[in-house]
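Chains as they are written, first to last, in our numbering: chain A, 904 to 1166; chain B, 904 to 1166.
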């Protein structure tokens, strides 16, 4: 089984891409809907929650973990990799690599949660590759609440997105990293507001392409991952919009079970 | 010490009223900022969090607890009252009593979180008093995220409030209960959008008036509550806007300490 986790329903964008690029493999998802959103919380809180999320997936028996949360990837991945007995992938690096290839004018924008932006991880990774690239990061704290509420078409959301993108647009970026796996849910609005000429980098696509390569190159790992269509979604709080949104987004009706977070 | 708790910073509206009506008493506040917001979560999750919040205040040594959270009052108060060794007050009943006295046309509106509205507690309590009163409840799931983000003056917030109040306005309510202790932070916008002729019932004021009466009528209880100005604020996650907003709202700079929720 491939295990995917996120602070809420954002990681479903990664699950969707796994179904697209690796359709044979069985996927288990855990969304920490009882404690979403993570992006405005402190580093220690995020680390604690992330370790619990990892342990939930390990108990279910996954043989590979995809951290489908930029906030966790940005501030807690070092801890996770130390504790995980199975291979584990984060979502930031593949997006950065793609953005560096995509930019022509060497101006990359990042839209992310406050924790992700403040961590400086995108800025750091891009600078490690190419110091001449200018990076403009903008935090977008209200996008996750809107998306978790399923308010994907509201006028207010459109206005807020325009506001968040304003300074990035002024800087004339030609490449924008969606630095949160929730954001592909509103990709069309983002595309409209930032302009059609800007490359949109979706971390869900990039991490799944990396995963595909990893599986193809490592038959040992591939052998450990169960194949089949018995996918299952777990959440820490089953109320709310998760059921509806997951069905709408994945276009299939997967079983959902509540699993309590216990610390 | 009087202990006050809330899912986040909303309960500061209650603290402010305690400072106004009971200025001699020492107050301790706990805001569960690591797990805010509660209002969209399931009943079992809210009960679990509420019991932990209560225990945090009891460990600090409070002799009376004010549940400054409508969501908790609506869905978890029965549990809390069973478990609490000290007197404990909820925020729903005093607001209901005031609203019943205030309405002339017997049409009361409730604005609350999804959990509060779905619990039906306001509707039930009002019907117990007077079956001829019509109650119109509207959930407002995005207000708490906006307020916790400190975005109190954004145009989008104003538009969202107008949208949430639309159906209540159509029903020609003459009294509106702010069914969440966060909402007094945006009372002026609510007043503007619903119309000046509508009575706004602020649960923070009502619960503190009830508390004042209780203390005045019970010298034994009053004797147990420490007097003094050594107020203190605790939060489960110290990052974010809590520091700034608490200073701005309470007009004093109180010490803030992080206290981990360990469930």
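Ideal Cβ positions, reconstructed from N, Cα and C, are used throughout, including at glycine.
Please read all numbers here as calculations on a predicted model, not as lab measurements.
Which residues in the same chain as residue i place their Cβ atom closer than 6 Å to its Cβ, once the five residues preceding and following it in sequence are excluded?
i, result
"residue 1040/A", "1013 and 1020"
"residue 1044/B", "943 and 1017"
"residue 998/A", "1080, 1104, 1106 and 1109"
"residue 982/A", "950"
"residue 1150/B", "1156"
"residue 1120/B", "none"
What separation, rounded to the nearest whole angstrom, lies between the Cα atoms of residue i and residue j?
i, j, result
"residue 1038/A", "residue 1028/B", "55 Å"
"residue 915/B", "residue 1158/B", "14 Å"
"residue 1090/A", "residue 929/A", "27 Å"
"residue 1056/B", "residue 960/B", "33 Å"
"residue 1004/A", "residue 987/A", "31 Å"
"residue 917/A", "residue 1079/B", "43 Å"
"residue 1076/A", "residue 1011/A", "5 Å"
"residue 1051/A", "residue 1124/A", "34 Å"
"residue 1096/A", "residue 1001/A", "22 Å"
"residue 972/B", "residue 907/B", "9 Å"
"residue 1053/B", "residue 1148/B", "7 Å"
"residue 911/A", "residue 1131/B", "43 Å"
"residue 1118/A", "residue 905/A", "11 Å"
"residue 927/A", "residue 963/A", "19 Å"
"residue 968/A", "residue 1126/A", "15 Å"
"residue 1084/A", "residue 975/B", "31 Å"
"residue 958/B", "residue 1069/A", "45 Å"
"residue 989/B", "residue 1128/B", "11 Å"
"residue 913/A", "residue 1066/A", "21 Å"
"residue 1098/B", "residue 1082/B", "18 Å"
"residue 1058/B", "residue 1122/B", "49 Å"
"residue 945/A", "residue 1135/B", "20 Å"
"residue 1133/B", "residue 1154/B", "15 Å"
"residue 1031/A", "residue 1143/A", "41 Å"
"residue 1026/B", "residue 1026/A", "52 Å"
Considering only residues of the same chain and omitting the five flanking positions on each side of residue i, which have a CB-CB separation below 7 Å?
i, result
"residue 980/B", "970 and 993"
"residue 977/B", "995, 1018, 1019, 1022 and 1024"
"residue 1009/A", "1035, 1036 and 1037"
"residue 1138/A", "934, 936, 1145, 1159 and 1161"
"residue 952/A", "935, 938 and 941"
"residue 984/B", "991"
"residue 880/B", "Nothing about residue 880/B can be reported from this structure: the residues present for chain B run from 904 to 1166 only."
"residue 1061/A", "1092"
"residue 1194/A", "Residue 1194/A is absent from the model: chain A starts at 904 and stops at 1166."
Measuring alpha carbon to alpha carbon, tell me which residue in the options is nearest residue i.
i, options, result
"residue 1140/A", "923/A, 937/A, 931/A and 918/A", "937/A"
"residue 1047/B", "1088/B, 1022/B and 1005/B", "1088/B"
"residue 855/B", "946/B, 1104/B, 1022/B and 932/B", "In the structure displayed, chain B extends from 904 to 1166; residue 855/B sits before or after that span and is not available."
"residue 1152/B", "909/B, 910/B, 1114/B and 920/B", "920/B"
"residue 1113/B", "925/B, 911/B, 912/B and 904/B", "925/B"
"residue 1164/A", "910/B, 905/B, 947/B and 922/B", "947/B"
"residue 1006/A", "1134/A, 1100/A and 1148/A", "1100/A"
"residue 1102/B", "1127/B, 1085/B, 1071/B and 954/B", "1071/B"
"residue 1111/A", "974/A, 991/A and 955/A", "991/A"
"residue 1063/B", "1073/B, 1093/B, 905/B and 957/B", "1093/B"
"residue 956/A", "909/A, 1133/A and 989/A", "909/A"
"residue 923/A", "1136/A, 1122/A, 1142/A and 1115/A", "1115/A"
"residue 1049/A", "1086/A, 1154/A, 1136/A and 1135/A", "1086/A"
Just list the residues that DSSP pairs residue i with in beta bridges.
i, result
"residue 1042/A", "1015/A"
"residue 908/B", "933/B and 970/B"
"residue 1078/B", "1011/B and 1102/B"
"residue 1160/B", "1137/B"
"residue 928/B", "1130/B"
"residue 1037/B", "1010/B"
Tell me which same chain residues have a C-beta within less than 8 Å of the C-beta of residue i, skipping the five on either side of it?
i, result
"residue 954/B", "979, 982, 983 and 986"
"residue 1074/B", "1010, 1012, 1037 and 1039"
Between residue i and the ligand NAP, is the CB less than 7 Å from at least one heavy atom?
i, result
"residue 904/A", "You won't find the ligand NAP in this model; it holds no ligand whatsoever."
Length at least 3, wholly inside the stretch 943 to 1006 of chain A: the beta strand (DSSP E) runs in chain order
967 to 970
Quick check for students: name the residue ranges of the beta strand (DSSP E) that lie wholly in the stretch 1103 to 1142 of chain B, counting only runs of 3 or more.
1135 to 1138
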